[in-house]
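Just so we're aligned, residue 13 is where the sequence shown starts under the working numbering, counting upward by one.
Ideal Cβ placement from N, Cα and C applies to all residues, glycine included.
Being a predicted model, the structure only gives us computed values, none of them experimental.
To start, the structure under review is shown below, and the notes come after it.
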Amino acid sequence: MTCRSNTINGPTYLIVCLCTQLVLNPIADHNIGSSWNLPLHVKLKTTDMEYLSIENMANVDQKQEKIGDEIKIMTKKKKIGGIKTMPFIFANEICDRFAATGFHSNMITYLTKELNMPLVQASNTLTIFNGTANFMPLFGALIADSFAGRFWTIMAGSIIYELGLISITILAIQPTLQPPPCPTQMNCKEASALQLWVLYISMLLTSIGSGGIRPCVVTFAADQFDMTKSGVAARSWNLFNWYYISMGMAVLTAQTFVVYIQDNVGWGWGLGVPTIAMASSIIAFLVGSPLYNRIKPQGSPLVRLAQVIVAAVKKRKEVVPKDPALLYENRELDAAISLHGRLLHTNQFKWFDKAAIVTDGNATDSKPPNLWRLATVHRVEELKCIIRMFPIWAAGILFFASSSHLLSFTILQAGAMNHHLSHSFQIPPASLSIFSNITMVIGLVLYECLFVPFARRFTRNPSGITCLQRMGVGYVVNILATIVASFVEIKRKAVASDHNLLDDPNAIIPITVFWLAPQFCLQGLAEVFMSVGHLEFLYDQSPESMRNTALALYWIAIGMGDYVGTLIVSLIHKYSGMKSNWLPDRNLNRGKLECYYWLVSGIQVINVVYYVICSWLYTYKPLEEVSETCKEEVEDLAGNKIPSMILDGRNGHGEVELGLGRNETT
């Protein structure tokens with residue numbers, strides 16, 4: 013919290029400070045303890061350090077009242093947020109992931125076996141709707157950042173998602189909404205237009221609902237803690253690692269319990285259980301609402317980015333000054349969007365600095381500037397942050413594309429393999445991905461408890477290694493996963509050929525389904541490094557007022573990966589069909605799935621080279637955070653003592669800023 017004053021002369025300044033302390037110090041003592049805890053932000057004229065002049069005394073009373081309100085807010089914040097909110101937020105996320113996984117993990121079986129869809133159409137249908145679900149977080153993030161806030165966006169998204177689950181459960185239990193059974197999978201009658209419309213509307217509702225949940229849950233959880241560099245270093249645990257651990261446990265439970273019900277009990281209960289779980293997540297999230305720290309939205313981030321671009325275009329003929337201190341800064345204007353620190357000027361993309369050039373037509377003293385004509389350095393740097401992040405973010409698209417169809421194809425592979433654990437129990441094909449999630453959960457725990465403390469000794473980094481290094485390891489491991497998948501498919505077809513089963517798509521090939529486990533384990537290990545690192549990178553390197561939108565980029569990368577994966581599969585299905593189709597509709601034994609995996613592996617190798625180049629050139633955002641020294645000197649200032657000054661540098665108006673230390677993320 014900061015109290016901002018106009019420029020004040022010496023004697024009057026001391027009187028104002030004394031009056032302010034006499035009026036407000038009892039309030040502070042009553043609410044937040046005996047120590048004076050009102051950080052004051054003061055601008056000093058460098059041309060006259062002995063005297064400070066009042067520009068607008070009429071604002072003093074208003075600012076004192078504002079300080080009193082902020083004290084009450086600070087007192088309230090001490091009672092909300094923190095670790096006590098995590099059971100409710102994580103309960104919501106666990107139930108949500110349980111429901112979403114139970115709904116999606118075995119859907120390829122439902123579409124092909126219950127609705128009689130051809131393989132490629134079913135796979136593409138799932139991928140398209142998954143892609144849509146991963147694009148919706150951008151809209152949800154913009155709504156949350158602009159006006160609704162994270163809490164209400166999560167609530168609305170959860171309710172819409174629940175409506176979608178209810179709809180598809182009705183589809184599963186209502187016989188008139190299903191085509192006739194086709195046990196032979198030959199000449200099957202496909203679902204009618206009405207049945208498909210019910211399916212598509214249900215999946216669309218879940219896609220829209222996920223748009224309100226996915227980009228906001230992590231940032232809402234982070235809102236409950238101090239996520240500054242010093243705050244993160246002080247904690248012995250990583251929020252993003254434990255977020256993924258809880259999510260992995262929920263997914264693991266759904267892939268065993270729910271999939272077993274779908275395969276052995278029926279699709280009515282198989283989809284009804286996720287519906288009940290989603291309703292439970294809404295209740296859990298709502299129960300914890302009195303404890304949450306809710307940060308108010310500060311307007312559309314896209315509008316702010318557009319304002320910088322428009323202002324730069326309007327001043328395209330201006331010359332950027334060599335001294336960045338001459339560019340426009342206004343801490344009070346940026347206060348609401350820089351609660352944890354102010355972005356410092358960088359020399360990259362200097363063309364956008366034109367937006368912060370103060371010209372004769374820009375009024376900066378008597379009233380706030382027209383932000384479509386003049387932007388602050390902080391707002392210009394927000395745009396630069398997003399631009400710098402994009403190449404790193406884009407590399408994730410092909411990572412997710414490589415695994416977009418992996419589950420669909422491996423479920424069909426597993427369906428033709430021996431998946432008995434004993435004479436009386438067999439593992440459902442869709443539950444094979446439990447190996448991925450078991451590896452991910454165990455890997456994250458080992459990463460958090462063993463690897464990070466070990467690496468920290470050498471790197472001095474609180475996270476062990478940087479986000480970029482962590483992501484790079486994930487890319488390499490994922491290549492190994494697709495290479496292993498190709499060798500397993502070669503082995504599977506060789507066994508089928510030895511037993512003359514290539515032309516029988518319903519035959520069980522005498523090879524254990526656990527041959528598919530290594531590729532899933534490698535994929536889970538890749539998630540430990542790449543997915544969590546990607547999520548943490550987007551949160552850490554994005555402007556703090558755009559974190560919902562930045563985390564939406566994570567889901568958009570998954571969505572674009574789904575679309576790219578669908579494009580690859582469609583092109584392969586179309587052009588490889590002239591001779592020997594790599595991905596046949598009905599009999600995978602006569603296909604060349606291993607060639608598909610080799611192609612995907614080659615694409616990933618190219619992507620890794622691209623990523624290494626981008627990460628080598630990447631510059632971490634420079635951030636300025638309030639220092640402890642500043643806080644002590646501000647306390648002296650509130651006690652009518654003239655403190656020693658910590659001068660950060662000029663802001664372009666003959667002024668210097670007090671008591672702010674510079675921190676750069678590493």
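First and last residue of the uninterrupted alpha helix (DSSP H) at residue i
i, result
"Thr137", "Leu131 to Ile155"
"Gln1", "Here the chain covers residues 13 to 678 and nothing more, so residue 1 does not appear."
"Glu501", "Cys479 to Asp510"
"Cys607", "Leu605 to Leu629"
"Gln274", "Val271 to Asn276"
"Cys194", "Looking at the DSSP string, Cys194 is not in any alpha helix (DSSP H), and its letter there is neither H nor E."
"Cys397", "Val389 to Ser415"
"Trp164", "Arg162 to Ile185"
Backbone secondary structure at residue i - three-state DSSP
i, result
"Asn305", "coil"
"Arg354", "strand"
"Pro236", "The sequence shown places Gln at residue 236, not Pro. Gln236: coil per DSSP, three-state reduction."
"His432", "strand"
"Glu647", "Note on Glu647: pLDDT 37, under 50, position unreliable in the model; the coordinate value appears next. Correct three-state label for Glu647: helix."
"Ile288", "helix"
"Leu600", "helix"
"Gln438", "strand"
"Glu636", "strand"
"Trp254", "helix"
"Arg472", "coil"
"Leu92", "Just to set this straight, residue 92 is Ile in the shown sequence, not Leu. Coil, per DSSP."
"Ile66", "Its pLDDT being 45, under 50, Ile66 is placed unreliably in this model, and the coordinates cannot settle the point."
"Pro517", "coil"
"Trp384", "coil"
"Cys228", "helix"
"Asp372", "coil"
"Asn560", "helix"
"Phe361", "coil"
"Leu339", "coil"
"Pro333", "coil"
Given residue i as reference, the closest of the options once Cα atoms are compared
i, options, result
"Val576", "Phe466, Asn593 and Gly408", "Gly408"
"Met452", "Pro191, Ala291, Gly94 and Tyr256", "Tyr256"
"Glu344", "Val389, Val620 and Pro634", "Val389"
"Leu351", "Cys107, Ser214 and Pro309", "Pro309"
"Gln531", "Val500, Phe100, Met290 and Arg162", "Val500"
"Leu444", "Phe466, Phe421, Pro522 and Ile491", "Phe421"
"Ile95", "Asp235, Gly176, Ser219 and Ser158", "Asp235"
"Val132", "Gly284, Leu418 and Leu303", "Leu418"
"Cys626", "Ile584, Ala406 and Val544", "Ala406"
"Phe110", "Val507, Ala291 and Leu456", "Ala291"
"Ser214", "Phe141, Gly280 and Gln190", "Phe141"
"Ala368", "Asp335, Ala347 and Arg400", "Asp335"
"Glu174", "Asn104, Arg504, Gln425 and Trp527", "Asn104"
"Tyr137", "Arg559, Met261, Ile404 and Leu211", "Looking at the sequence provided, one finds Thr at residue 137 rather than Tyr. Nearest C-alpha to Thr137: Leu211."
"Pro99", "Gly114, Ser293 and Gly260", "Ser293"
"Ala156", "Thr561, Leu579 and Tyr122", "Thr561"
"Tyr459", "Glu539, Ser434, Gln190 and Gly614", "Glu539"
"Tyr566", "Cys479, Lys586, Asn601 and Asn146", "Asn146"
"Gln319", "Leu383, Ser416, Ala442 and Asp275", "Leu383"
"Gly427", "Pro441, His435, Ser416 and Val263", "Pro441"
"Ile423", "Ser117, Tyr622, Cys107 and Cys479", "Ser117"
N- and C-terminal bounds of the beta strand (DSSP E) containing residue i
i, result
"Thr524", "Ile521 to Thr524"
Beta carbon of residue i nearer than 8 Å to that of residue j
i, j, result
"Pro313", "Gly223", "no"
"Ile101", "Ala233", "yes"
"Ile178", "Thr97", "no"
"Gln267", "Asn449", "yes"
"Gly152", "Thr165", "yes"
"Phe412", "Gly573", "yes"
"Met692", "Ile521", "Because the chain here runs from 13 to 678, residue 692 falls outside it and cannot be looked at."
"Ser554", "Ile349", "no"
"Met483", "Phe447", "no"
"Thr358", "Thr631", "yes"
"Ser509", "Trp610", "no"
"Gln535", "Ala493", "yes"
"Ala184", "Leu283", "yes"
"Gly311", "Ser158", "yes"
"Val617", "Asn253", "no"
"Thr113", "Ser219", "no"
"Val507", "Val620", "no"
Between the region 204-216 and the region 126-145, do at least 3 Cβ pairs fall closer than 8 Å? yes
Do the region 287-302 and the region 160-170 make contact, defined as three or more Cβ pairs closer than 8 Å? yes
Is the region 391-401 touching the region 346-365 in the sense that three or more CB pairs, one from each, lie closer than 8 Å? yes
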